[in-house]
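Trainee: In terms of this note's numbering, the sequence shown opens at residue 1001 and continues consecutively.
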Amino acid sequence: MNQVSPISIAQVTDIHLFADENQELLGMPTSESFGVVIQRLKELDSKLDLLLLTGDLSGDGKPESYERVDNLLRPLQIPTYWLPGNHDCAMTMEEILNLGLFSRRKSFERGGWHFILLDSSVPDCVHGHLSLETLDWLDFQLTITANKPTLIALHHPPFAVNSDWLDTSKLQNSQELFAILDRHPQVKLVLFGHIHQEFQHQRHQVQYLGTPSTCIQFCPQSSNFALEQKSPGFRHLKLYPQGTWETWIERVPYFHQLELTATGY
Ligand SMILES: [Fe+2]
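1. Applying the criterion that 16 or more other CB atoms from any shown protein chain within 10 Å of the CB defines a buried residue, is Ile1144 buried or exposed?
2. Looking at the secondary structure, which residues open and close the beta strand (DSSP E) in which Asp1250 lies?
3. If you scan the stretch 1026–1082 from start to end, which runs of the alpha helix (DSSP H) of 4 or more residues do you find wholly inside it?
4. Give the DSSP-derived three-state secondary structure of Asn1002 in the structure shown.
5. Alpha carbons only, please: which of Gln1077, Ile1096, Val1036 is nearest the one belonging to Pro1063?
6. For Phe1192, does the three-state DSSP call read helix, strand or coil?
7. Return the first residue and the last residue of the alpha helix (DSSP H) that Gln1141 is part of.
8. When the Cα atoms are used, what is the spatial distance from Ser1046 to Pro1075?
9. Based on DSSP bridge pairs, tell me the residues matched to Gln1200.
10. Exposed or buried, what is His1087 when buried is set at 16 or more other beta-carbons lying within 10 Å of its beta-carbon?
11. Under 7 Å: does the beta carbon of Asn1086 sit that close to some heavy atom of ligand 1?
12. Opposite Val1012 in the DSSP bridges: which residues?
13. I want to check one thing, is the minimum distance from the CB of His1127 to the heavy atoms of ligand 1 below 7 Å?
14. Determine the contact status of Leu1072 and His1129, defining contact as a CB-CB distance below 8 Å.
15. Measuring straight from C-alpha to C-alpha, what distance separates Phe1218 and Glu1067?
16. By a C-beta neighbour count over all protein chains shown, 10 Å radius and 16 as the cutoff for buried, is Glu1024 buried or exposed?
17. Can you check DSSP and say which residues form a bridge with Thr1092?
18. In terms of alpha-carbon separation, which member of Pro1149, Leu1017, His1194, Glu1032 lies closest to Thr1054?
19. Can you look up Phe1178 in the DSSP assignment and give me helix, strand or coil?
20. For Leu1171, which of helix, strand or coil comes out of DSSP?
21. Quick one: what's got a C-beta closer than 6 Å to Leu1189's C-beta in the same chain, skipping five residues either side?
22. Report yes if the CB atom of Asp1056 is closer than 8 Å to the CB atom of Gly1085, and no otherwise.
23. Indicate the three-state DSSP secondary structure (helix, strand or coil) for Leu1166 in the structure shown.
Structure follows, in structure tokens:
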């Protein structure tokens, strides 16, 4: 790769696989929709350098669900990194998703960029929170690698997305995260999942990006829980070594009739 070539990355999020491959999430066969996303990842023009899985890989936190994530993604032969969401079991993930091209590392460099993955999950809670230990670790990581453009990922959105029901579970201590990022101008991008919809917000020099799920989509700007009949998707990014980037959402051709009246996500 020459100096001006970007690295190509896919952010894949909120997969919600279950131990039972036939279990559905509000009428959505999550294995099937994820399969269509994987097919699209295979067909991308440029081979992906990296996969980032930003939480809720599992819908039940069971070992079998992570074994299925591993089995389904392994044929892609792409280095894969992950972080836990509110539906995940971080300890189980650490055991299962750390073989072959799967890595449990949370700080690494590639293509001239520094990647930092944060655990914002709180046991038995839906909302997100970054512990003091995680915040201190983030600050340290940003201090020791201050010369590289940096991408940070976590599961929960640091911003409200104008959906009352969903906003109660956003990251609860965003100001503490912002205080650290404000001290480290090399941070360019913050990626997250959880909201099952596309989202974009700029704060200072940092772009904050939310990404559709590989299964069900939440209705944007809805005060109550509501699903949108929109295709599953993922985010494609190209990161250039000088610190510039491009990104867009890819939707896959998959439709399944959902239980639109269902509640209790
Ligand atoms: Fe979530």
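The C-beta atom is built at its ideal place from N, Cα and C for all residues, glycine as well.
Mentor: Reading off the structure:
1. exposed
2. It should be pointed out that residue 1250 corresponds to Glu in this sequence rather than to Asp. Counting along the chain, the beta strand (DSSP E) containing Glu1250 begins and ends at 1245–1251.
3. 1030–1043, 1063–1073
4. Confidence is the limiting factor: at Asn1002 the pLDDT is only 48, short of 50, which leaves the residue's position unreliable, though a coordinate-based value still follows. The answer is coil: DSSP assigns Asn1002 none of H, G, I, E or B.
5. Nearest option by C-alpha distance: Ile1096.
6. strand
7. 1132–1144
8. 17 Å
9. According to DSSP, which records beta bridges pairwise, Gln1200 is partnered with Leu1209.
10. By the neighbour-count criterion, in which a residue is buried when 16 or more other Cβ atoms sit within 10 angstroms of its Cβ, His1087 is buried.
11. yes
12. Leu1053
13. False, no ligand heavy atom lies under 7 Å from that Cβ.
14. no
15. 27 Å
16. Per the 10 Å Cβ criterion, buried.
17. None; Thr1092 has no bridge partner.
18. The residue with the shortest Cα to Cα distance from Thr1054 is His1194.
19. If DSSP states are grouped into helix, strand and coil, Phe1178 belongs with the helices.
20. strand
21. Leu1151, Gln1207
22. Remark: C-beta atoms of Asp1056 and Gly1085 approach each other more closely than 8 Å.
23. helix
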